[in-house]
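S.K.: Quick one: structure below, then a few questions.
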Amino acid sequence: MPSTMKKPFNYVETAAVKAAVKRARTGQTVQIGPDPALHSQDAELHWVEAVLRHRLSLHSLNRPVSIRTKDDDTHPLIADGRHFPAVALSIPFAETALDFLATYSDHGRLTFDVLTPCDLCGKPVPTEEINSLEDLGDYLLQARDALGGSPRFRASPAHTAGCLALGD
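Mapping of the sequence shown onto the numbering used here: residues 1239 to 1406, in sequence order.
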């Protein structure tokens, strides 16, 4: 995996790194409570965005955080799914963006993965599961003992045909 370390971090990345360092020092994670509820099928993209905002504690940054949300036509929302697209989310900044993919885990929980280029084929694929601000900080710091990778990495249909990263 290519290094994600860069300076300076934007304000979301800075908050994530601080949260990860605090969790590493104290062993305590921020308690954020249950995810927001889905109130209407028409608002599904807004709901997924609200869950990402909640999980990353973006409201605690006390400044607006823009998130672009759209259906992802490459990845299924449900493992082995065919009919429902996953959701792609992007937090844009001046020089870069944090890109996420929202799908359901094998346990039926909405989960988020950072999308980064595959080391082997260069296509943007789910690289690391990120479900809290601390997880994002660990990813940015490349805190390998705290990272587990994305279970969706090896099965991502975004890899090029024949990519050696694809699982069996």
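For each residue, glycine too, the CB sits at the ideal point set by N, CA and C.
Leu1290 and Leu1327: beta carbons closer than 8 Å?
M.R.: Locating residue 1290 in the sequence shown gives position 52, where the first residue counts as 1. Locating residue 1327 in the sequence shown gives position 89, where the first residue counts as 1. For Leu1290 and Leu1327, yes; Cβs fall inside 8 Å.
S.K.: Between which two residues does the beta strand (DSSP E) carrying Asp1337 extend?
M.R.: Taking the sequence shown and counting its residues from 1, one reaches residue 1337 at position 99. First-last of the beta strand (DSSP E) with Asp1337: 1335-1342.
S.K.: Could you check where the alpha helix (DSSP H) with Asp1311 kicks off and where it finishes?
M.R.: In the sequence shown, counting from the first residue as 1, residue 1311 sits at position 73. Taken as a continuous stretch (DSSP letters only), Asp1311 belongs to no alpha helix (DSSP H), being part of the beta strand (DSSP E) at 1306-1314.
S.K.: Does the stretch 1362-1382 touch the stretch 1249-1269, meaning 3 or more C-beta pairs lie closer than 8 Å?
M.R.: yes
S.K.: Check whether the stretch 1348-1357 and the stretch 1282-1299 touch, using three or more Cβ-Cβ pairs below 8 Å as the test.
M.R.: yes
S.K.: For Asp1351, name the three-state secondary structure that DSSP assigns.
M.R.: In the sequence shown, counting from the first residue as 1, residue 1351 sits at position 113. Looking at Asp1351 - three-state DSSP - the assignment turns out to be strand.
S.K.: Taking Ser1295 as the reference, give the member of Pro1274, Leu1315, Glu1282 with the closest Cα.
M.R.: Within the sequence shown, the letter at position 57 stands for residue 1295. Comparing Cα-Cα distances from Ser1295 to each of Pro1274, Leu1315, Glu1282, the minimum goes to Pro1274.
S.K.: With a threshold of 7 Å on Cβ separation, who are the neighbours of Thr1267 within its own chain once the five nearest residues in sequence on each side are excluded?
M.R.: Mapped onto the sequence shown, residue 1267 falls at position 29. Cβ within range, chain order: Arg1261, Ser1370, Glu1372.
S.K.: Give me, in chain order, the residues of the same chain whose beta-carbon lies closer than 7 Å to that of Cys1356; leave out the 5 immediate sequence neighbours on both sides.
M.R.: Indexing the sequence shown from 1 puts residue 1356 at position 118. Val1363, His1397, Cys1401, Ala1403.
S.K.: Straight-line CA distance for Ser1298 to Ile1270?
M.R.: Mapped onto the sequence shown, residue 1298 falls at position 60. Mapped onto the sequence shown, residue 1270 falls at position 32. Each residue's Cα considered, the two are about 10 Å apart.
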